[in-house]
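Asks: In my numbering, the protein residues as written are -8 to 433. After the structure tokens below, expect a handful of questions from me.
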Ligand SMILES: [Zn+2]
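Here it is, written out as structure tokens:
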């Protein structure tokens, strides 16, 4: 680092709305500007997804962080504030937050804040307090809820990471239908597997890389490294050409929001994480095909909900009392209508109890099941007349395995760890500025 330059961490969140703007596009615009100012990039832009189970999240609850070295920090800060003002959808309910932090390194306790934002509901006042105590410069619009993600993003500690190449449409195409060749996405998935993930849901015959709304995103390809997502994007065919792209380092596909062990004695609404317990009430299918069961943990009971779109209901139905399971998901707040519930995002069977039922006895001689002679009157073979007094135990084979059960890809959230990533961790945080992580074709 040269003597007169500073390392600047920039974080922002909650600039988008359901109607159009998108935090990653704003990030693209800001990086485009920073490139013109000749700043030195010290890492790829971060796209950090936070707790998907909080009630007021924007579409993906995603925040962005940038790490740069510059000789003119004040100029850059002023300009970025202008970008936030210009591109935030405050009229549509966005509450943007922006933070600047000037320091070579991020102190360790920043990552605790990021973890909190990943797994719980963090009040905006906590973020404002944190900013004050740690010399963060803040700027916000609306109520400032976006400060939570903004701080969380700059301090995010990657246990594992993935990349996403997000391509953007030419402005003339905003709002128009995206026409992407389904075949090309299927091929791309096949060619790049397992280096990319969640491009196409074969079960649902559905393209997963493109959003459907009016936002500027054309499509996004997720994968393990820069080369793979570039390769994946190059295989997507459409008459519409994307005009630009940017690659983010992300916590998508890491499942990190569910690494948090929940405390059964102190379950906070909207928190995410996991619990291990015994099935205490067998699964019941309710209206709409959703499945509910209960688990008992240290004498306390928690109701679990498995929703139909997850594709997990069929297997969840096969759980029986006494099975030991790990369940992961978000805590839904109790209301007048329903008790507190864990919305299940995965379950893993640790042990299966034996499924024993009582059945009529068999006749030794004829190998036939005996018939009941009436209440409390025992059982009789209708062929030879042999009689017995009691039912016998019969073990029914279990149709579940001791394994992890995940939702189908189309029900995955940004953070869901796909099956192909189980046991895979990208831990080397290196930055190669010679890779084409930013591209403007205009
Ligand atoms: Zn018989």
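In this text, a Cβ means the ideal position worked out from N, Cα and C, and glycines have one as well.
Does the beta-carbon of residue 359, which I'm using as the reference point, lie nearer than 7 Å to any heavy atom of ligand 1?
Replies: Counting from one through the chain shown, the residue named residue 359 turns up at place 368. Yes, since a heavy atom of ligand 1 falls inside the 7 Å radius drawn around the Cβ of residue 359.
Asks: I'd like to know whether the C-beta of residue 189 is nearer than 8 Å to at least one C-beta of chain D.
Replies: This model lacks chain D altogether, as it is built from one protein chain only.
Asks: Less than 7 Å between C-beta atoms, sequence neighbours within five positions excluded: which residues of the same chain meet that for residue 410?
Replies: By 1-based counting over the chain shown, the position of residue 410 is 419. Here the set comprises 397.
Asks: Near residue 385, which residues of its chain fall below 8 Å by C-beta distance, leaving aside the five closest residues on each side in sequence?
Replies: In the chain shown, residue 385 corresponds to position 394, counting from 1. Around residue 385: 347, 348, 349, 350.
Asks: Who are residue 296's beta bridge partners in DSSP?
Replies: As a first step, residue 296 is located in the chain shown; it is residue number 305 there, counting from the start. Paired residue(s): 283, 334.
Asks: Which first and last residues belong to the beta strand (DSSP E) in which residue 154 is found?
Replies: In the chain shown, counting from the first residue as 1, residue 154 sits at position 163. 153 to 159 is the extent of the beta strand (DSSP E) around residue 154.
Asks: Taking the alpha helix (DSSP H) that residue 15 falls in, what are its first and last residues?
Replies: On the chain shown, position 24 is the one that residue 15 refers to. Run containing residue 15: 14 to 27, per the alpha helix (DSSP H) assignment.
Asks: Spatial neighbours of residue 31 within its chain, please: CB distance less than 6 Å, with the 5 preceding and 5 following residues excluded, ordered by chain position.
Replies: Along the chain shown, one-based indexing puts residue 31 at 40. Around residue 31: 60.
Asks: Pick from 241, 187, 238, 206: whose alpha carbon is nearest that of residue 164?
Replies: Numbered from its first residue, the chain shown carries residue 164 at position 173. Distance check between residue 164 and each of 241, 187, 238, 206 places 206 closest, using alpha-carbon atoms only.
Asks: How is the beta strand (DSSP E) around residue 120 delimited, first residue to last?
Replies: As a working mapping, residue 120 is identified with position 129 in the chain shown. Segment 115 to 124 is the alpha helix (DSSP H) holding residue 120; no beta strand (DSSP E) there.
Asks: Helix, strand or coil: which one does DSSP assign to residue 43?
Replies: Counted from its first residue, the chain shown places residue 43 at position 52. In this structure, residue 43 counts as coil in the three-state DSSP scheme.
Asks: Let me check understanding here. Comparing Cα to Cα, which of 280, 432, 143, 247 lies closest to residue 89?
Replies: Taking the first residue of the chain shown as position 1, residue 89 is located at position 98. Looking at the Cα atoms, 143 is the closest of the given residues.
Asks: Give me the Cβ distance between residue 260 and residue 324, rounded to the nearest whole Å; I'm assuming they're in contact under 8 Å.
Replies: By 1-based counting over the chain shown, the position of residue 260 is 269. By 1-based counting over the chain shown, the position of residue 324 is 333. Indeed they touch by this definition, with Cβ atoms about 4 Å apart.
Asks: What are the boundary residues of the alpha helix (DSSP H) that residue 64 is part of?
Replies: Translated into the one-based positions of the chain shown, residue 64 becomes position 73. 64 to 78 is the extent of the alpha helix (DSSP H) around residue 64.
Asks: Which two residues bound the contiguous alpha helix (DSSP H) that contains residue 345?
Replies: Here residue 345 corresponds to residue number 354 of the chain shown, with the count starting at 1. Segment: none, residue 345 is in no alpha helix (DSSP H) and carries neither H nor E.
Asks: Any idea what DSSP makes of residue 30, helix, strand or coil?
Replies: Position 39 of the chain shown, counting from 1, holds the residue named residue 30. Coil, per DSSP.
Asks: Skipping 5 residues on each side, what residues in its chain have a beta carbon closer than 7 Å to that of residue 107?
Replies: The count along the chain shown starts at 1 and reaches residue 107 at position 116. Excluding residues within five positions, the ones whose Cβ falls inside 7 Å are 113.
Asks: Please report how far the alpha carbon of residue 322 lies from the alpha carbon of residue 427, in whole angstroms.
Replies: For the purposes of this step, residue 322 is identified with residue 331 of the chain shown, where counting begins at 1. For the purposes of this step, residue 427 is identified with residue 436 of the chain shown, where counting begins at 1. Whole-angstrom Cα-Cα distance: 41 Å.
Asks: Answer yes or no: the CB of residue 372 versus the heavy atoms of ligand 1, is any distance below 7 Å?
Replies: Position 381 of the chain shown, counted from the start, is the residue given in the question as residue 372. Yes - ligand 1 has a heavy atom lying nearer than 7 Å to the Cβ of residue 372.
Asks: Looking at C-beta atoms only, is the number of pairs between the region 256 to 271 and the region 38 to 47 that lie closer than 8 Å three or more?
Replies: yes
Asks: Taking 7 Å as the cut-off, does the CB of residue 197 come closer than this to any heavy atom belonging to ligand 1?
Replies: Indexing the chain shown from 1 puts residue 197 at position 206. Not so, every heavy atom of ligand 1 lies at least 7 Å from the Cβ.
Asks: Closer than 7 Å to a non-hydrogen atom of ligand 1 - does that hold for the CB of residue 356?
Replies: The residue you call residue 356 lines up with position 365 of the chain shown. Within 7 Å of the C-beta of residue 356 there is at least one heavy atom belonging to ligand 1.
Asks: Please tell me whether, using a cut-off of 7 Å, the distance from the CB of residue 377 to the nearest non-hydrogen atom of ligand 1 is below it.
Replies: Translated into positions along the chain shown, residue 377 becomes position 386. Yes, the beta carbon of residue 377 sits closer than 7 Å to at least one heavy atom of ligand 1.
Asks: In whole angstroms, what is the alpha-carbon distance linking residue 54 and residue 40?
Replies: For this step, residue 54 is matched to residue 63 along the chain shown. For this step, residue 40 is matched to residue 49 along the chain shown. For residue 54 and residue 40, the distance between alpha carbons rounds to 6 Å.
Asks: Looking at the secondary structure, which residues open and close the beta strand (DSSP E) in which residue 237 lies?
Replies: Position 246 of the chain shown, counted from the first residue, corresponds to residue 237. 235 to 241 is the span of the beta strand (DSSP E), which, as asked, contains residue 237.
Asks: Apart from the five residues on each side of it in sequence, which residues of its chain come closer than 6 Å, Cβ to Cβ, to residue 93?
Replies: Translated into positions along the chain shown, residue 93 becomes position 102. Taken in chain order, the residues that qualify are -3, -1.
Asks: Taking contact to mean 3 or more Cβ pairs, one atom from each stretch, closer than 8 Å, check whether the region 166 to 179 and the region 193 to 213 are in contact.
Replies: yes
Asks: Between residue 292 and the rest of its own chain, which residues show a CB-CB distance below 8 Å, the 5 nearest in sequence each way excluded?
Replies: By one-based count along the chain shown, residue 292 stands at place 301. Taken in chain order, the residues that qualify are 271, 272, 285, 286.
Asks: How is residue 187 classed by DSSP in three states: helix, strand or coil?
Replies: Residue numbering aside, residue 187 sits at position 196 when the chain shown is read from its first letter. Three-state result, residue 187: strand.
Asks: Residues in its own chain within less than 7 Å of residue 188 by CB, not counting five upstream and five downstream?
Replies: As a first step, residue 188 is located in the chain shown; it is residue number 197 there, counting from the start. So the list reads 213, 214, 244, 409, 411, 412, once near-sequence residues are dropped.
Asks: CA-CA distance, residue 148 and residue 382?
Replies: Residue numbering aside, residue 148 sits at position 157 when the chain shown is read from its first letter. Residue numbering aside, residue 382 sits at position 391 when the chain shown is read from its first letter. Computed Cα separation, rounded: 60 Å.
Asks: Quick check on the DSSP output: the beta strand (DSSP E) that includes residue 209 runs from which residue to which?
Replies: Sequence index remark: in the chain shown, residue 209 carries index 218 (1-based). Counting along the chain, the beta strand (DSSP E) containing residue 209 begins and ends at 208 to 214.
Asks: Residue 100 lies in the alpha helix (DSSP H); which residues open and close that run?
Replies: Here residue 100 corresponds to residue number 109 of the chain shown, with the count starting at 1. Segment 100 to 110, the alpha helix (DSSP H) holding residue 100.
Asks: Whole angstroms is fine: what's the gap from residue 118's alpha carbon to residue 95's?
Replies: Residue mapping note: residue 118 aligns to position 127 of the chain shown, counting from 1. Residue mapping note: residue 95 aligns to position 104 of the chain shown, counting from 1. Approximately 21 Å, taken between the alpha carbons.
Asks: Would you call the region 177 to 186 in contact with the region 121 to 131, where contact means no fewer than 3 C-beta pairs closer than 8 Å?
Replies: no
Asks: Output the distance between the C-alpha atoms of residue 28 and residue 298, rounded to the nearest integer angstrom.
Replies: In the chain shown, counting from the first residue as 1, residue 28 sits at position 37. In the chain shown, counting from the first residue as 1, residue 298 sits at position 307. Roughly 49 Å between the two C-alpha positions.
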